[in-house]
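Quick note: the sequence shown, position 433, residue 651 per my numbering, numbers continuous.
For each residue, glycine too, the CB sits at the ideal point set by N, CA and C.
Since this is a predicted model, take the numbers as computed values, not measurements.
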Amino acid sequence: MTANHISGAHGVTVQAGTIHGPVTVAAPHWRPPPVPRQLPPDPPRFTNRRSELAQLHRARRTTRLLVLVGIGGVGKTSLAVRACHDIAEHYPDGHLHLSLGGGSGSPVPPGELLGAALRGLGVAAEFVPHTMSDRVALYRSLTHSRRILVLADDAATTDQIRPLIPSGADSVLVATARTHLPALLADGAAYLRVDPLPESGATELLRRLLPGTITAATNLAPLTALCAGMPLALCTAAALMAITPDQPIETVAAMITRHRSTRTGPATEVSMHTGLSASYSQVPDPGAQRLYRLLGLHPGTRYTAPAAAALADTTIDQAHDHLVLLTAMSLTHVDGDAWTMHDVTRNHARDLAAELPDEETNAALDRLFDHYLLTAAGADRALNRSRWRLAEVFTRAEVPRFTDRAEALAWWDAEGTTVRALVKLGWDLERYRQVGELAETCKAWGSIHRPYEAWEEITGLAVASATALGDTRARAYALLLQAAPAMCQHQFAVAASLGAEALSLWRALDDPQGTASSLEVMAVALTASGRPEEALPKHQESIELHEAIGKPRGIALQRRLYARSLARANQPDAACEQSEYALEGLTTLAEPDPFQVVQTLIDRVAILLALGRHEEAEDTGSDAVREAQQAGHRFQTGAAMRALADVAAARERPEDESRCLRDAHDIFAALHAPEAAQVTDRLTRLGPATP
219 MTANHISGAH GVTVQAGTIH GPVTVAAPHW RPPPVPRQLP PDPPRFTNRR SELAQLHRAR
279 RTTRLLVLVG IGGVGKTSLA VRACHDIAEH YPDGHLHLSL GGGSGSPVPP GELLGAALRG
339 LGVAAEFVPH TMSDRVALYR SLTHSRRILV LADDAATTDQ IRPLIPSGAD SVLVATARTH
399 LPALLADGAA YLRVDPLPES GATELLRRLL PGTITAATNL APLTALCAGM PLALCTAAAL
459 MAITPDQPIE TVAAMITRHR STRTGPATEV SMHTGLSASY SQVPDPGAQR LYRLLGLHPG
519 TRYTAPAAAA LADTTIDQAH DHLVLLTAMS LTHVDGDAWT MHDVTRNHAR DLAAELPDEE
579 TNAALDRLFD HYLLTAAGAD RALNRSRWRL AEVFTRAEVP RFTDRAEALA WWDAEGTTVR
639 ALVKLGWDLE RYRQVGELAE TCKAWGSIHR PYEAWEEITG LAVASATALG DTRARAYALL
699 LQAAPAMCQH QFAVAASLGA EALSLWRALD DPQGTASSLE VMAVALTASG RPEEALPKHQ
759 ESIELHEAIG KPRGIALQRR LYARSLARAN QPDAACEQSE YALEGLTTLA EPDPFQVVQT
819 LIDRVAILLA LGRHEEAEDT GSDAVREAQQ AGHRFQTGAA MRALADVAAA RERPEDESRC
879 LRDAHDIFAA LHAPEAAQVT DRLTRLGPAT P
């Protein structure tokens with residue numbers, strides 16, 4: 219065997235003598251991920267804040283952490299975005315933007331934030347480490363020698379910020395928060411308090427918001443006084459002036475005053491609520507007004523036109539036009555391909571939504587839940603088309619089709635937080651059936667992205683909802699859902715226990731599919747925890763059940779897992795036989811599954827080596843590389859190359875072992891997979907080899 223190392227990001231070419239004769243496996247062209255440029259657009263009407271900007275520019279030369287502190291609506295985010303654009307050129311290796319959700323009532327967990335940051339830095343979703351400590355370590359490694367800028371907006375806790383601080387001395391993190399977060403002093407934080415604009419600044423902002431409408435002689439004092447220097451209130455006042463250009467300032471001010479509620483509190487808070495009420499009352503389209511009220515029912519912070527259309531029971535085009543109109547009134551803001559609200563505005567909309575009749579509220583929520591259920595089901599199906607599903611939603615013709623896995627993952631990136639919020643809302647509203655179905659649609663997303671805190675909460679609420687319904691079948695399925703995050707976090711005893719509880723329920727229901735799936739969970743958990751002998755009878759029964767119900771794919775997958783457990787139990791002959799059956803079954807499926815084929819080939823290499831069948835192991839490893847490359851599975855190509863390195867080691871060919879390991883390392887490193895470090899350690903132990 220000869221393995222030719224190709225420098226750069228061009229992949230691996232393998233030439234091997236196989237049972238089919240010499241073959242050359244062409245290398246696909248793999249490009250490195252683009253440098254992240256995630257900053258929001260520079261605020262076009264930004265004004266004043268010269269002193270604050272100067273302070274920020276000075277501070278960033280001496281610290282890696284800048285924290286802007288101020289009340290909601292005071293303009294922290296706009297100031298932070300402007301400052302980041304001013305200094306962006308000093309950080310050529312990437313600009314990250316993360317929304318921390320401090321004002322939403324549901325702050326984003328630190329682990330999810332790190333996952334998003336790692337994906338922004340080019341780590342493929344499936345290779346984001348499982349544990350918080352591993353994510354922190356990888357983030358530090360990736361930022362150590364880079365000059366990057368991180369904007370962390372709307373922090374609620376120190377724990378959200380601290381892991382995101384880049385490790386490189388020439389990088390910086392700019393954060394916004396409503397509270398001081400004093401514990402960050404230990405991290406060298408420099409704080410800047412953001413106060414309401416002075417009257418001169420408020421006047422300047424209004425003039426910039428309405429160029430040509432306000433002359434130098436216009437007396438804006440009646441309006442600026444009502445807004446208390448709060449940029450959010452000033453923007454809503456400007457929106458009112460824009461739709462009533464012929465009205466004197468005094469008339470607009472009187473209009474706002476009429477909406478001053480009986481609310482008590484700081485003048486800044488009252489001024490913002492008053493301005494929002496006045497702006498809402500002047501929205502010229504009743505349909506847009508209705509949508510604004512209904513958005514107060516939405517538990518998330520991001521609103522797409524399709525979701526808004528479902529909420530309001532309109533067409534997508536109508537919802538789009540209404541959102542555009544609300545944006546013109548400074549009640550919503552464009553956020554990429556969706557819209558969002560300032561949390562102060564969101565609370566105002568929720569106050570209005572609380573006044574809706576119960577019948578209208580329930581109908582709107584029915585439509586909203588249905589929209590997300592259908593879309594999430596489509597995304598889940600795109601990520602795994604073949605797994606066993608229970609939820610009724612997957613049988614519905616309205617489930618949308620996603621183009622590919624990338625599109626489905628992009629949807630989950632954008633909407634995963636909203637789906638979690640919907641699950642929590644469903645639980646609070648006793649919509650138990652919808653909670654269970656939504657939880658099932660999250661399975662592939664959870665397995666790939668590993669949002670552990672959200673995943674555990676969602677599956678836990680699924681179990682609780684099924685229990686509340688008294689639905690044994692739903693509870694048994696939910697227990698299997700709950701076992702998945704436990705397994706991924708190597709909590710094998712927990713996973714085995716959940717599988718055992720589900721097994722007893724499925725047996726009582728006399729359900730062969732559920733019984734087989736529970737046995738699989740238990741067997742895999744037992745093998746992973748070092749007890750493969752106990753797993754073997756469970757694998758055997760699972761295979762028999764799949765054969766009885768006629769599921770060829772299930773039979774093949776169970777045989778692959780059975781072969782792995784047999785190998786761990788030091789039964790290589792039996793393992794080899796089962797892997798042959800698995801390979802035959804997988805390669806004859808009506809719907810090919812190249813991922814499972816390659817995984818079976820890779821597992822089989824180790825089994826053949828244990829039997830001393832080195833030449834056959836080499837042929838199998840070469841087949842695995844070829845199949846992985848043809849399917850475009852980068853990680854599996856690296857894993858197959860590492861398996862070929864094992865063959866070379868067994869055949870005492872250190873030069874080939876070194877070449878295969880270097881090729882595997884190139885692939886793992888490009889993916890930021892933790893296996894790169896393992897291969898590096900092995901290369902170090904191997905020492906220099908003759909090329």
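Tell me the rounded alpha-carbon separation between residue i and residue j.
i: residue 666; j: residue 631; result: 11 Å
i: residue 364; j: residue 251; result: 15 Å
i: residue 239; j: residue 690; result: Note that residue 239 has pLDDT 33, beneath the 50 cutoff, so the model's placement of it is unreliable and the number below is only indicative. Their Cα atoms are separated by approximately 56 Å.
i: residue 906; j: residue 828; result: 27 Å
i: residue 230; j: residue 806; result: Residue placement at residue 230 cannot be trusted, given a pLDDT of 34 that sits under 50; the coordinates are not used to answer.
i: residue 795; j: residue 872; result: 30 Å
i: residue 246; j: residue 445; result: Because the pLDDT of residue 246 is 42, which lies under 50, any placement of that residue in the model is unreliable, and the question is left without a value.
i: residue 876; j: residue 285; result: 48 Å
i: residue 679; j: residue 715; result: 18 Å
i: residue 902; j: residue 882; result: 14 Å
i: residue 540; j: residue 295; result: 25 Å
i: residue 572; j: residue 291; result: 22 Å
i: residue 812; j: residue 349; result: 28 Å
i: residue 763; j: residue 831; result: 32 Å
i: residue 243; j: residue 356; result: Interpretation of residue 243 is limited by its pLDDT of 40, a score under 50 that renders its predicted location unreliable; the figure taken from the coordinates is listed afterwards. Computed Cα separation, rounded: 32 Å.
i: residue 394; j: residue 747; result: 44 Å
i: residue 622; j: residue 783; result: 33 Å
i: residue 208; j: residue 396; result: Because the chain spans 219 through 909 in this model, residue 208 falls outside it and cannot be assessed.
i: residue 779; j: residue 288; result: 55 Å
i: residue 609; j: residue 761; result: 24 Å
Taking residue i as the reference, give the member of the options with the closest Cα.
i: residue 562; options: 786, 571, 321, 620; result: 321
i: residue 638; options: 674, 895, 624; result: 674
i: residue 377; options: 418, 385, 326; result: 326
i: residue 264; options: 453, 617, 712; result: 453
i: residue 328; options: 287, 339, 373, 300; result: 373
i: residue 255; options: 279, 271, 311, 836; result: 311
i: residue 259; options: 333, 554, 696; result: 554
i: residue 749; options: 710, 362, 589, 527; result: 710
i: residue 500; options: 391, 521, 474; result: 474
i: residue 603; options: 659, 591, 575; result: 659
i: residue 787; options: 775, 798, 744; result: 744
i: residue 416; options: 628, 269, 821; result: 269
Identify whether residue i lies in helix, strand or coil by the three-state DSSP scheme.
i: residue 371; result: strand
i: residue 557; result: strand
i: residue 348; result: coil
i: residue 317; result: strand
i: residue 242; result: Here the model assigns residue 242 a pLDDT of 38, short of 50, so the residue's position is not dependable, and the following value carries that caveat. Strand, per DSSP.
i: residue 891; result: coil
i: residue 360; result: helix
i: residue 411; result: strand
i: residue 532; result: coil
i: residue 816; result: helix
i: residue 900; result: helix
i: residue 806; result: coil
i: residue 309; result: coil
i: residue 279; result: coil
i: residue 247; result: Confidence at residue 247 is low in this model, with a pLDDT of 46, below 50, so its placement is unreliable and the value that follows should be read with caution. Here residue 247 sits in coil by DSSP.
i: residue 255; result: strand
Report the CB separation of residue i from residue j in whole angstroms; it is logged as a contact under 8 Å.
i: residue 345; j: residue 889; result: 5 Å
i: residue 525; j: residue 586; result: 7 Å
i: residue 579; j: residue 515; result: 6 Å
i: residue 450; j: residue 424; result: Incorrect: roughly 13 Å between the Cβ atoms, too far for contact.
i: residue 676; j: residue 712; result: No, residue 676 and residue 712 are not in contact; Cβ-Cβ is about 16 Å, not under 8 Å.
i: residue 839; j: residue 893; result: Not quite, the Cβ-Cβ distance comes to about 16 Å (not below 8 Å), so this is no contact.
i: residue 283; j: residue 402; result: 6 Å
i: residue 730; j: residue 773; result: Between residue 773 and residue 730 the Cβ distance is about 13 Å, and since that is not below 8 Å, they are no contact.
i: residue 627; j: residue 611; result: Actually they do not touch by this definition, with Cβ atoms about 20 Å apart.
Mark residue i as exposed unless 16 or more other C-beta atoms lie within 10 angstroms of its C-beta, in which case mark it buried.
i: residue 596; result: buried
i: residue 606; result: exposed
i: residue 655; result: buried
i: residue 362; result: exposed
i: residue 404; result: exposed
i: residue 703; result: buried
i: residue 221; result: Confidence is the limiting factor: at residue 221 the pLDDT is only 34, short of 50, which leaves the residue's position unreliable, though a coordinate-based value still follows. It is buried - the Cβ of residue 221 has at least 16 other Cβ atoms within 10 Å.
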